Every structure is written in C-alpha cells, then in structure tokens.
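Accompanying notes for the structure given below.
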Amino acid sequence: MNNRRISWGLIVLFIGLILLLTNLDYIDFNWLAVFSLWPVLLILLGLSFMLPYKPESKYIMIIATVATLALFAYKGLESVGEEQNFGSDNTNGTAVFSRDLDPGIKSATLNIEGGAISFRINEGTDKLFYAETRSNTNSFSLSDKTNGEKSTIDFVMRGKEEVDLKDSNIQNNANIRLNKDLIWDLDLKIGAGAADFDLSNYKVRKVDVDGGVSSVKIRMGMPFEAESAIEFKGGLASFELYIPNDAACRIVSKSALSSQDFQGFNKQQDGSYITDNYNTTDKKFIVNMESGLSSFSVKRY
Numbered sequence: 001m002n003n004r005r006i007s008w009g010l011i012v013l014f015i016g017l018i019l020l021l022t023n024l025d026y027i028d029f030n031w032l033a034v035f036s037l038w039p040v041l042l043i044l045l046g047l048s049f050m051l052p053y054k055p056e057s058k059y060i061m062i063i064a065t066v067a068t069l070a071l072f073a074y075k076g077l078e079s080v081g082e083e084q085n086f087g088s089d090n091t092n093g094t095a096v097f098s099r100d101l102d103p104g105i106k107s108a109t110l111n112i113e114g115g116a117i118s119f120r121i122n123e124g125t126d127k128l129f130y131a132e133t134r135s136n137t138n139s140f141s142l143s144d145k146t147n148g149e150k151s152t153i154d155f156v157m158r159g160k161e162e163v164d165l166k167d168s169n170i171q172n173n174a175n176i177r178l179n180k181d182l183i184w185d186l187d188l189k190i191g192a193g194a195a196d197f198d199l200s201n202y203k204v205r206k207v208d209v210d211g212g213v214s215s216v217k218i219r220m221g222m223p224f225e226a227e228s229a230i231e232f233k234g235g236l237a238s239f240e241l242y243i244p245n246d247a248a249c250r251i252v253s254k255s256a257l258s259s260q261d262f263q264g265f266n267k268q269q270d271g272s273y274i275t276d277n278y279n280t281t282d283k284k285f286i287v288n289m290e291s292g293l294s295s296f297s298v299k300r301y
C-alpha cells in the first residue's frame with residue numbers, strides 16, 4: 001500500500017474519532033492548540049516522499065504517523081480550558097462595547113469577524129448591541145450605520161502583529177448580547193476559534209457562518225419567516241445545529257470528507273434531507289453546509 005495513503009488514512013481516522021467523541025461529549029478538544037503544530041504534517045508528507053517503496057517503509061510511516069497523532073492528541077487534550085479562562089488575571093485587557101437602540105429600528109445585520117477567539121451569544125439586552133471582551137492579544141472595533149429602519153453593525157477583532165499561539169495564557173473571548181425585539185441577520189467569519197450561539201429566543205432571519213478551523217454550535221428557535229436560511233462553510237470544523245422538534249427543515253450538505261448526524265430527517269433522491277413536516281409547513285429552515293473535512297450534526301430539542 002502507498003505510504004501516503006497509510007498516513008492520510010490514519011489522520012482521517014484520528015480526526016473522525018476526535019470529532020465523534022467531542023460530539024458525544026466524551027471529551028473536550030482544543031483544536032486551536034493543535035493548529036500551531038500543523039508544520040509537523042509537512043514533515044510527515046516529506047518523509048513519505050523520501051522513503052523507498054520497500055515493505056519496511058510502511059512500518060516506518062505507521063510509527064511516524066502514530067507518533068504525530070499522539071502529539072496532537074496530547075496537545076489538544078492537555079490545553080482544554082485554557083482558551084476560555086475568565087479569571088481575575090489583571091494582565092488581560094477587558095472592554096465593553098455597546099450601541100443604544102434608536103426607536104425606529106426594526107431589523108439589524110450583525111457582522112462578526114475574528115481569528116483565534118471564542119464568541120458567545122445568549123442573553124438579551126435593551127440596547128441595540130452589547131459585548132464584553134477579554135483579550136491579552138487583540139483589540140476590537142465596533143461600528144454601525146443606520147438606513148431607515150435597518151441597522152448594520154460590524155464587530156471586528158484586530159490582531160497584534162505577533163501572537164504566539166503556543167502561549168497557554170492567550171485569552172480571547174467575547175460575550176455578545178443582542179436586542180430580542182429586532183429581526184436579525186447574522187454573518188460570522190471566524191478563523192481558528194469557536195462560537196456558541198443560543199438564538200432560541202431571538203427573531204433570526206438568516207445565519208451565515210464562514211469558519212476555518214473552528215467549532216460552531218448554534219441553537220435556533222422556530223423559523224421566523226417562510227424560509228430562514230442557515231449557511232455554513234468550513235475547512236476543518238465541527239458544526240452543531242439545534243432546532244425545535246416542531247420545526248420544518250431541509251439540509252443540503254456538500255463536503256469532501258465529513259461525518260454527518262441528522263436526527264429525524266429523511267434522505268431524498270437529490271441527496272438532501274428533510275423533516276416529515278417539511279412540505280406541509282409554511283415556515284421552515286433551509287440549511288446549506290459545505291466544507292472540506294468536518295463534522296456536521298443537526299439535532300432536535
């Protein structure tokens with residue numbers, strides 16, 4: 001068997017196993033910590049090119065790959081908890097960002113951009129937007145503009161020129177609160193980070209997530225319009241979506257290599273998945289997923 005096929009086969013199995021155990025809540029895995037070790041994969045690839053086509057080369061590649069994956073596993077498990085430390089360390093920069101709500105505003109678009117960071121949305125606010133951030137490596141900027149009854153908000157992380165991803169003291173967190181009386185469109189662009197959005201009590205028209213090496217969890221309420229769109233694009237990512245039991249939904253998934261868990265859905269001839277009530281309900285979710293190597297799950301609650 002080709003040496004490179006052995007290595008990449010083991011790597012895919014490793015990633016799939018880690019994503020499965022994470023989705024089942026058996027382990028917590030810090031992908032951000034592992035991301036700093038990506039050059040090791042180039043070394044492994046170079047080794048596969050250099051070894052001659054001999055039987056013993058296969059065993060060398062197996063040993064080298066297993067050692068690499070063991071290093072990844074140790075780093076990912078050992079670093080859990082360092083990413084979201086809200087302790088009282090006074091070396092961390094804390095800040096509050098907010099915008100008051102104009103009485104005439106009926107809907108809003110929130111654009112969020114960040115790299116190695118953890119975003120969270122849960123509680124509401126009587127303001128238009130409110131966020132608390134804690135970071136010792138980055139700053140944030142907030143801008144907004146109003147056009148008639150609609151407001152557009154840009155919340156962007158600004159990184160320093162030099163950040164050591166191997167530093168276990170790195171903290172990048174943003175807790176965001178939105179006004180629950182408005183109709184929201186959310187656009188999230190995240191690099192190597194995480195997002196946990198509980199939108200079950202919000203009026204959400206559209207969610208668009210563009211994630212690189214990321215872990216994204218979103219909890220929705222009932223569909224607000226005839227078609228509420230949820231779109232996810234990622235590289236090496238984990239995406240969990242929770243929708244109410246009574247919500248009608250259609251899923252279209254396009255990915256090279258991924259694990260999929262769509263509970264309570266029926267597969268159609270065109271490859272999509274729908275709920276039993278999809279064709280009999282006026283308001284529904286339309287979910288589009290596209291990625292390279294990811295874990296997708298859509299669960300009912």
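Quick note on full-length UniProt numbering: the sequence shown kicks off at 1 and runs consecutively. Think of the CB as a built atom: it goes at the ideal place given N, C-alpha and C, for glycine as much as any other residue. Remember, predicted model here, so these are calculated numbers, not experimental data.
- Rounded to whole angstroms, the Cβ separation of G221 and S255 is 27 Å, and the two are not in contact under 8 Å.
- Less than 8 Å separates the beta-carbon of L236 from that of G292.
- By the neighbour-count criterion, in which a residue is buried when 16 or more other Cβ atoms sit within 10 angstroms of its Cβ, K284 is buried.
- Annotation for F49: the continuous alpha helix (DSSP H) segment containing it runs P39 to M50.
- Closest by C-alpha distance to L178, out of T125, I190, K189 and F197, is T125.
- In the three-state scheme derived from DSSP, where H, G and I count as helix and E and B as strand, K284 is classed as strand.
- DSSP places Y242 in the uninterrupted beta strand (DSSP E) bounded by E227 to I243.
- In the DSSP assignment, T133 falls within the beta strand (DSSP E) that extends over F129 to S135.
- In this structure, the straight-line span from the alpha carbon of E56 to that of I62 is close to 10 Å.
- For E149, the three-state secondary structure derived from DSSP is coil.
- Check the Cα spacing between V216 and each of D246, F97, E231 and W8: the tightest is with E231.
- The C-beta distance from A248 to Y273 rounds to 12 Å, too long to fall under 8 Å, and the pair is not in contact.
- At the C-beta level, I183 and F224 come within 8 Å of one another.
- Judged by DSSP secondary structure, K203 falls within the beta strand (DSSP E) whose first and last residues are K203 to M220.
- Sixteen is the threshold: when 16 or more other Cβ atoms of the shown chains lie within 10 Å of the Cβ of R120, as they do, the residue is buried.
- Each residue's CA atom was taken as its position, placing K150 and K106 some 6 Å apart.
- DSSP places G76 within a helical segment (H, G or I) once states are collapsed to three.
- Pairing R300 with I243 gives a Cβ-Cβ distance under 8 Å.
- S297 and T146 have their C-alpha atoms some 36 Å from each other.
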